[in-house]
Amino acid sequence: MTLLLLLLLLLLLLLLLLLLLLLLLLLLLLLLLLLLLLLLLLLLLLLLLLLLLLLLLLLLLLLTTTTDDDYDDDTTTTTTTTTRLLLLLLLLLLLLLLLLLLHYYYYYYYYYYYYYYYYYYYYYYYYYYNYYFFFVFFFFVFFFFFFFFYSISTNNNNTSTTMWTK
Numbered sequence: 002m003t004l005l006l007l008l009l010l011l012l013l014l015l016l017l018l019l020l021l022l023l024l025l026l027l028l029l030l031l032l033l034l035l036l037l038l039l040l041l042l043l044l045l046l047l048l049l050l051l052l053l054l055l056l057l058l059l060l061l062l063l064l065t066t067t068t069d070d071d072y073d074d075d076t077t078t079t080t081t082t083t084t085r086l087l088l089l090l091l092l093l094l095l096l097l098l099l100l101l102l103l104h105y106y107y108y109y110y111y112y113y114y115y116y117y118y119y120y121y122y123y124y125y126y127y128y129y130y131n132y133y134f135f136f137v138f139f140f141f142v143f144f145f146f147f148f149f150f151y152s153i154s155t156n157n158n159n160t161s162t163t164m165w166t167k
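For the sequence shown, the working numbering assigns the number 2 to the initial residue and increments by one for each residue that follows.
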């Protein structure tokens with residue numbers, strides 16, 4: 002009888018050990034998932050930094066180039082007005098992408114994790130209200146940058162001379 006009791010106790014101990022091992026494996030898997038999430042977040046941050054660098058390079062290109070009509074020699078970098086406007090459009094599209102990435106970060110990493118205790122109808126309304134605000138804000142930002150860079154690239158009598166050339 003005591004032998005049977007000892008065997009049952011040993012079996013229970015083995016089951017407990019197996020359960021502990023399973024729990025440790027689950028914890029390790031969770032840690033691996035957390036590490037993967039951190040890596041994904043770092044990649045998103047790297048993408049954001051590369052996007053900002055591209056925006057700065059495009060802005061520098063727009064501000065330092067002149068048009069073909071300004072100089073006859075080869076000492077300056079020249080572009081056509083159409084190229085400058087296409088670069089401006091690309092710059093504005095990259096700004097839109099940057100705003101969308103920031104919007105994604107704000108809503109999915111801040112709003113949902115810190116305000117999850119609100120009622121569903123409240124943050125359903127709040128979510129669409131903020132979407133509306135975001136697009137109105139982007140509309141004003143887009144036109145501000147468009148007219149700002151367009152005014153930099155042309156002078157008052159609407160020729161293609163930039164304000165830095167003459």
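The C-beta atom is built at its ideal place from N, Cα and C for all residues, glycine as well.
Would you call the segment 91-101 and the segment 51-62 in contact, with 3 or more CB pairs under 8 Å?
Because the criterion of three Cβ pairs below 8 Å is met, the segment 91-101 and the segment 51-62 touch.
Would you check if the distance between the CB atom of leucine 49 and the CB atom of leucine 102 is smaller than 7 Å?
Residue 49 sits at position 48 when you count from the first residue of the sequence shown. Residue 102 sits at position 101 when you count from the first residue of the sequence shown. Their beta carbons are under 7 Å apart, which means leucine 49 touches leucine 102 by this criterion.
Alpha-carbon spacing of leucine 13 relative to leucine 42, whole angstroms
Translated into positions along the sequence shown, residue 13 becomes position 12. Translated into positions along the sequence shown, residue 42 becomes position 41. Taking the straight line from one Cα to the other gives about 43 Å.
To the nearest whole angstrom, what separates the beta carbons of leucine 89 and leucine 63, a pair I think is in contact under 8 Å?
Taking the sequence shown and counting its residues from 1, the one referred to as residue 89 is at position 88. Taking the sequence shown and counting its residues from 1, the one referred to as residue 63 is at position 62. In this structure leucine 89 touches leucine 63 by the C-beta definition: roughly 6 Å separates them, less than 8 Å.
Identity of the residue in Leu86, Leu16, Leu25, Leu11 nearest phenylalanine 147 by Cα:
As a working note, residue 147 is residue 146 in the sequence shown. Nearest of Leu86, Leu16, Leu25, Leu11 to phenylalanine 147, Cα basis: Leu86.
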